[in-house]
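Chains as they are written, first to last, in the numbering used here: chain R, 1 to 161; chain S, 1001 to 1088; chain Z, 2001 to 2145; chain U, 3001 to 3108. Notes follow the structure.
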Amino acid sequence: MKYITLFILSLIFWLLLTFKLTVPNIIVGTVASVICSLFFGRFFVTNVYKLLQPQRYFWFIVYLFVFIWECLKANLDVAYRVLHPAMPIRPGIVKVKTILKSDLAKMLLANSITMTPGTISVDIIDDNLYIHWIYIRSEDPEVYTGIITGAFEKYIKRIIE
Amino acid sequence: MSNYLNILLYVQIGLSVICLYRIIIGPTIPDRMVGVDIFGILVVGICAIIAIQTERSYILDIGIAWIILSFIGTLTLAKYLTCKKLNE
Amino acid sequence: MKGMTIIVKKTTQLIAGMIFMYGIYIIVHGHLTPGGGFAGGVIVAGSFILVTLAYGGDFLKLVKEESGTTIIESLATIMVILIATAGFLFGTRVFFNNFLPKGVVGQLVSAGVLPLYNIFVGTEVAASIFIIFLSLIIFKEESPK
Amino acid sequence: MNNMISLIFITIGILFNLLGCIGIIRLPDTYNRLQAATKCVTLGCCSIFLGVLFHFGFSDAGVKALVAIPILFFTSTVGAHALIRGTYHFGIKLGEKSVKDDYKDAVQ
């Protein structure tokens, strides 16, 4: 099952890359996809039946708009801190507990955190994310957990789990 | 129109020269590696602008290849920084 | 489990296949765009190097992998020599003779034997660069202090 | 019309790149430099690729630029994560202005 999914995804990637629908192109793409799925199929993601449920794609599009908005805010925030003459920074590493269970969801959450206002993920041990923050706004764990992961966690839970 | 694109191209090249400053001056080893990482991403931008200017689509191929090789290089450097052997 | 953090491992799962396909694309389109056998071979080797870096050496059974890549490299070299000397079968006396039809300029199947050379040179380069990486990380442990 | 939109996107991208490069020069320690540089430069290059997509339209070059955006996003964020973890394990201390360090307990 894993092999077939990787084969289909590779073929779609090949057709997007070449953007021609001729017969030799499709034959070469099929052969290359078979080789690719033989090499890399054994450690692909396991629960592939989730790709067939349409409501996950809807939540993914909603998540994409939320993410672009947060990303723009991140850049304006960093721009303010860089251009200010006194550089108002207060950096430190904080520990945040997440409610997500599967590994793929944790990876997507960590990648999203890396692009949001002044935060970058340093390490992930079990359920705890260690995050370097450029301006620590409060000392209370409840409050900063809400600030950092609150915007993404509910969408990612609906997309992947 | 074309002149304006030329100016943008020169600005982008100038930005990558600023990264070279951090690579040369940087006081510690991780500072230089940050410079190398950012330099790799900026060169991809240069490739994209040249692809518009010359109307050749194959220059984008060079850009994507540069992204991939720069990613593998950054991972290798990061693994070197954690003081581990490469096959662990 | 050894290796790098879980973020790098999960991203490697998603991206290694795409990097491999991109290397094949560079190799196969070598007679139409810049790139060709050498550049594509380096990218194909990069996908295997990425898996080795992210998952550690025990995941791929490195010693077995090394003998396998040696066999692939030798086969690719023999194929390049065979195609180069194939001109003798057709009655001429030149190396690298083009005995296939040339096709239309700009199509994928054109330029005679040039795509075949690109494919085998790409395999050769990928196997040998992966061998260099493996020998760097295996033989470092066995060398005397 | 498409040319104007693509030029606007490229200009925005180069402004973000400029902010990233100012950050990499001005900020005081390695962690903060990585913060500023990675975010701004990644968003700037994604914006430049969007400009390429608008210039070429939905042809082979445009789709190639569209494919490049997720690859650039994943590779640069994962590269920044690996680099900052390596910096901490290499022994570089947090800067003078920093107020909190929870990761110190987890390493030992």
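Cβ atoms here follow ideal geometry from the backbone N, Cα and C, with glycine treated the same way. For clarity, every value in this text was computed on a predicted model and none was experimentally measured.
Contact between H84 (chain R) and Y3031 (chain U) fails: their C-beta atoms lie close to 18 Å from each other, not under 8 Å. Proximity of chain R to C3040 (chain U) at the Cβ level (cut-off 8 Å) is accounted for by N75, V78 and A79, in chain order. Counting of Cβ neighbours within 10 angstroms places S121 (chain R) among the buried residues, the total reaching 16 or more. Residues of chain S whose Cβ lies closer than 8 Å to the Cβ of T3077 (chain U) do not exist, since the nearest Cβ in that chain is about 10 Å away. In the DSSP assignment, K95 (chain R) falls within the beta strand (DSSP E) that extends over G92 to K97. L1005 (chain S) places its beta carbon less than 8 Å from that of Q1053 (chain S).
About 24 Å separates the beta carbons of I2119 (chain Z) and I2015 (chain Z), which is beyond the 8 Å limit, so they are not a contact pair. Put simply, the backbone Cα of G2041 (chain Z) is about 5 Å away from that of V2125 (chain Z).
DSSP places D140 (chain R) outside both helix and strand once states are collapsed to three, so it counts as coil. Beta-bridge pairing by DSSP links D126 (chain R) to no other residue. The three-state reading of DSSP puts Y3 (chain R) in helix, counting H, G and I together. Interface annotation, P91 (chain R): in contact with chain U, CB-CB separation under 8 Å.
The beta-bridge partner set that DSSP reports for Y135 (chain R) consists of R:R90. Under the Cβ distance rule, I3012 (chain U) does not count among the residues neighbouring chain R, no pair being separated by less than 8 Å.
Chain-ordered listing is empty here: chain R has no CB closer than 9 Å to the CB of M2004 (chain Z), the nearest sitting near 11 Å. Here the C-alpha atom of V2113 (chain Z) lies approximately 30 Å from the C-alpha atom of A1051 (chain S).
Going by beta carbons, K106 (chain R) and I2006 (chain Z) fall inside the 8 Å limit. Contact note: A110 (chain R) reaches chain U through H3081, using a C-beta cutoff of 8 Å and chain order.
By the beta-carbon neighbour count (other beta carbons within 10 angstroms, threshold 16), W69 (chain R) is exposed. Given a length threshold of 4 residues, each whole run of the alpha helix (DSSP H) inside the region 1012 to 1067 of chain S is given here in chain order: 1029 to 1054. Excluding sequence positions up to five before and after L2050 (chain Z), its CB lies within less than 8 Å of the CB of T2012, I2015, A2016 and I2019, all in the same chain and listed in chain order. Residues F67 and F152 of the same chain have their beta carbon placed closer than 7 Å to that of S112 (chain R), with the five preceding and five following residues left out of the count. One Cα belongs to S3006 (chain U), the other to C71 (chain R), and the distance between them is close to 20 Å. Sixteen is the threshold: when 16 or more other Cβ atoms of the shown chains lie within 10 Å of the Cβ of N3017 (chain U), as they do, the residue is buried. Neighbours of K3064 (chain U) in chain R, taken as residues at a C-beta separation under 9 Å, are given in chain order as L16, L17 and F19. Secondary structure of I3092 (chain U) (DSSP, three-state): coil. Against chain S, the CB of Y2022 (chain Z) has a partner CB under 8 Å away; the residue lies at that interface.
Three or more Cβ pairs drawn from the region 1027 to 1045 of chain S and the region 3042 to 3058 of chain U lie within less than 8 Å of each other, which places the two stretches in contact. Contact annotation for T1076 (chain S) against chain Z: I2049 and L2053 [CB-CB distance below 9 Å, chain order]. Counting along the chain, the unbroken alpha helix (DSSP H) around H3055 (chain U) starts and ends at T3030 to F3056.
G2046 (chain Z) sits away from G2122 (chain Z), with the two beta carbons spaced by 8 Å or more. Across the set S:G1063, S:L1081 and S:E1055, the C-alpha of S:G1063 shows the shortest separation from the C-alpha of I1041 (chain S). Between P88 (chain R) and L3094 (chain U), the CB-CB gap reaches or exceeds 8 Å. Under the Cβ criterion of 8 Å, I3025 (chain U) is counted among the residues facing chain S.
Within the region 1054 to 1078 of chain S, contact with chain Z at the beta-carbon level (separation under 9 Å) is assigned to S1057, Y1058, I1059, D1061, I1062, I1064, A1065, I1068, L1069, F1071, I1072, L1075, T1076 and A1078. DSSP places T1082 (chain S) outside both helix and strand once states are collapsed to three, so it counts as coil.
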